[in-house]
Amino acid sequence: IKHRSRSSAYVQQLENSRLKLTQLEQELQRARQQGIFISSSADQSHSMSGNGALAFDTEYARWLEEHNRQVNELRAAVNAHAGDTELRSVVEKIMSHYDDIFKQKGNAAKADVFHVLSGMWKTPAERCFLWLGGFRPSELLKLLSTQLEPLTEQQLSGICNLQQSSQQAEDALSQGMEALQQSLAETLAGSIGSSGSGSTGNVANYMGQMAMAMGKLGTLENFLRQADNLRQQTLQQMQRILTTRQSARALLVISDYSSRLRALSSLWLARPKE
1 IKHRSRSSAY VQQLENSRLK LTQLEQELQR ARQQGIFISS SADQSHSMSG NGALAFDTEY
61 ARWLEEHNRQ VNELRAAVNA HAGDTELRSV VEKIMSHYDD IFKQKGNAAK ADVFHVLSGM
121 WKTPAERCFL WLGGFRPSEL LKLLSTQLEP LTEQQLSGIC NLQQSSQQAE DALSQGMEAL
181 QQSLAETLAG SIGSSGSGST GNVANYMGQM AMAMGKLGTL ENFLRQADNL RQQTLQQMQR
241 ILTTRQSARA LLVISDYSSR LRALSSLWLA RPKE
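For what it's worth, the UniProt record's numbering labels the leading residue of the sequence shown as 1, then goes sequentially.
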């Protein structure tokens, strides 16, 4: 009998929770009917975030198109042995364009931080190498240090120091994310097994836990912003260490690497499926 009453209370708790969330469900239904969602996946669960994610995907596609155009301009200048003044002008333009995407990502994260963090705006192969919604600065520096030889002793030392400081910052952010995930899991698991103490109290407890979890999720945006700041600073520091011509080559290497990842994704998706 006790087991039956506990089950009944649990069913009542679920029913009460469902009623409290009816309004949200209706909003989601309206959003689906209006075609706001960018995909049919169940986790695209809020009209505002779906709309924000869609806007960012469109902005990123435009950004990438302009980025490719600028990179082609830089490649032509490098191949034509253009002077430092001309090269610097194109390099600065590309660096400024990188600043734009970081700003756009920050705005998109306010609408849907999960979309940006998970890299849903990237190709599958790019997502495979993603760290907190973007490239890992230390890995980028490792790639560049092998592609930009010869470097002076001072430059090698500068890149090595930058790589170490980037790695330390990455580790701190990764540990912070792990701590957040653990804290979030503990909050959500809080009283899953104690559902027999009265349905009203349980619903209040459930809603309280959800409110706490929502508060903790708010820090995700902060982690993403710090990771993007690190990426931005790494690009800027790299430019200070290198000569104008080396900076131009570095930007071409970064672009070519990203382009190969996107090409790999296309080839993988188009492969014969037996």
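Glycine included, every Cβ here is placed at the ideal spot set by N, Cα and C.
Cβ-Cβ distance between residue i and residue j below 9 Å
i: Asn68; j: Ser255; result: yes
i: Leu162; j: Thr234; result: yes
i: Phe56; j: His115; result: yes
i: Leu184; j: Phe223; result: no
i: Gly134; j: Asp228; result: yes
i: Met238; j: Leu144; result: yes
i: residue 359; j: Gln70; result: What is shown of the chain runs 1 to 274, which leaves residue 359 out entirely.
i: Asn205; j: Gly190; result: yes
i: Ser166; j: Leu130; result: no
i: Leu217; j: Val78; result: no
i: Asp99; j: Gln232; result: yes
Continuous alpha helix (DSSP H) stretch holding residue i: start and end
i: His81; result: No alpha helix (DSSP H) holds His81; DSSP gives it neither H nor E.
i: Arg131; result: Reading the sequence as shown, one finds Trp at residue 131 and not Arg. No alpha helix (DSSP H) contains Trp131, which DSSP labels as neither H nor E.
i: Ser118; result: Element bounds for Ser118: n/a, residue is neither H nor E.
i: Glu153; result: 153-189
i: Lys142; result: 137-147
i: Thr244; result: 244-269
Neighbourhood of residue i by C-beta, 8 Å cutoff - its chain only, sequence neighbours within 5 removed
i: Asn72; result: none
i: Ser265; result: Thr123, Pro124, Ala125, Glu126
i: Glu221; result: Ala109, Lys110, Val113
i: Leu188; result: Gln209, Ala213
i: Gly35; result: Caution is warranted here: a pLDDT of 43 is assigned to Gly35, below 50, making its placement in the model unreliable, and the coordinate value is therefore given only provisionally. Within the same chain, Gly35 has no close Cβ partners at all.
i: Ala270; result: none
i: Gly176; result: Phe223
i: Val90; result: Gln70, Glu73, Leu74, Ala77, Ala248
i: Lys273; result: none
i: Trp63; result: His97, Asp100, Ile101, Gln104
i: Tyr257; result: Leu143
Sequence-distant residues of the same chain with beta carbon closer than 7 Å to residue i, five excluded per side
i: Gln226; result: Leu173
i: Thr219; result: Leu180
i: Gly158; result: Ile241
i: Gly52; result: Ala108, Ala111, Asp112
i: Leu117; result: Leu132, Gly133, Leu220, Leu224
i: Glu66; result: His97
i: Arg260; result: none
Cβ-Cβ separation, residue j to residue i (assumed contact under 8 Å), whole Å
i: Leu74; j: Thr244; result: Rounded, the Cβ-Cβ distance is 11 Å, inconsistent with contact.
i: Glu150; j: Leu230; result: Note that residue 150 is Pro in the sequence shown, not Glu. Between Leu230 and Pro150 the Cβ distance is about 28 Å, and since that is not below 8 Å, they are no contact.
i: Arg249; j: Leu148; result: 6 Å
Sequence-distant residues of the same chain with beta carbon closer than 6 Å to residue i, five excluded per side
i: Tyr60; result: Trp121
i: Arg32; result: Residue placement at Arg32 is poorly supported in this model, since its pLDDT is 48, which falls under 50; the coordinates still yield a value, given next. So no residue of the chain qualifies.
i: Ala169; result: Leu230
i: Ser39; result: Unreliable placement is indicated for Ser39, whose pLDDT of 39 sits below 50; the coordinate value is still reported in the next sentence. So the list is empty, once near-sequence residues are dropped.
Beta carbon proximity, residue i to chain D, threshold 9 Å
i: Gly52; result: Judged by its chain identifiers, the structure shown contains no chain D, having just a single protein chain.
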